[in-house]
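Report on the following structure.
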Amino acid sequence: MGSGVTLVHILFSIAIVVAYVECNSEGDALYAWKTKLKDPNNVLQSWNPNLVNPCTWFHITCDIHNSVTRVDLGNAGLSGPLVPELGNLTNLQYLEVYENQINGSIPREIGKLRKLISFGLEKNDLSGAIPDSFGNLNSLRFLRVSNNRLSGSIPPTLGNLTSLEIINLNSNKLTGGIPIEVLRLARWGNLRIFNVSDNLLAGRVHRTNLTEFAVTTIIQDPKART
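Letter by letter, the sequence shown follows residues -23 to -1, 1 to 203 of mature numbering (1 follows the signal peptide of the UniProt record, and there is no 0).
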């Protein structure tokens, strides 16, 4: 009996240690991001690395295991880059940082967030390409990066994301065509809205090719070259 109780105690202690280490690593990742941001409104004032975990920080939501699941920083007056350390938030489901002045490129490490449901970075100052690693975000349903300065082509790897419902890429500087792999999401996936207007895309999606698509809204760049 005694040995059984001891084993349970050991396993429980190990679980606590693992949870503590995970929470600390997530706190380290978020604090690394904070150090790169300008925060004139002090919305990140509670992000104190000396606390046990980041679940007590404002704008952070955690699950019952004290792992970060949401970051809500929309319209917070923040400026600065995303950081590769955000890829360590392995249970993150919602990254909502819209209507700020987030600049620089999107780290490819974001592709490690396999549980991410929503990537909301519209109305910022992001530049560079959409990383191919986004094709690993199998849980992603909402990709919203409109009104930035993203360039390069739309990655065909987005076609791997059959859970996608909304893709808003409008008002960027994207070039090239729309990959057939992505268009297939409209027919065989859950895609409802696909907005690529106000870019520098080439080619057109002809209405006659959309008759069997489940998608309700495809907004194409009216300036697209055929």
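Cβ coordinates follow ideal geometry from the N, Cα and C atoms, glycine included.
- Taking C-beta atoms as the reference points, V60 and A9 count as a pair closer than 7 Å.
- In the structure shown, D40 falls within a coil segment according to DSSP collapsed to helix, strand and coil.
- Contact between F111 and T134 is confirmed by a C-beta separation of about 6 Å, below the 8 Å threshold.
- The secondary-structure analysis by DSSP pairs Y71 across a beta bridge with R47, S95.
- Straight-line measurement puts the Cα of V48 at about 16 Å from the Cα of I41.
- Within the model, the alpha-carbon separation for V29 versus N1 is close to 7 Å.
- In chain order, D102, L103, S104, N149, K150 place their CB closer than 7 Å to the CB of R126, counting only its own chain and leaving out the 5 sequence neighbours on each side.
- Just measuring C-alpha positions, the residue of G166, D16, G180, N77 sitting nearest L98 is N77.
- When the five nearest sequence neighbours on each side are left out, the beta carbons in the same chain lying within less than 7 Å of the beta carbon of D109 are those of P132, T134, in order along the chain.
- Contact between G57 and K89 does not hold, since the beta-carbon distance rounds to 21 Å and is not under 8 Å.
- With respect to the 7 Å criterion, N147 and S130 are not classified as neighbours on the basis of their beta carbons.
- Here DSSP, grouped into helix, strand and coil, assigns L21 to coil.
- Within the segment 110 to 185, the beta strand (DSSP E) runs of at least 3 residues that lie entirely inside it are, in chain order, 119 to 121, 126 to 129, 143 to 145, 150 to 153, 170 to 172.
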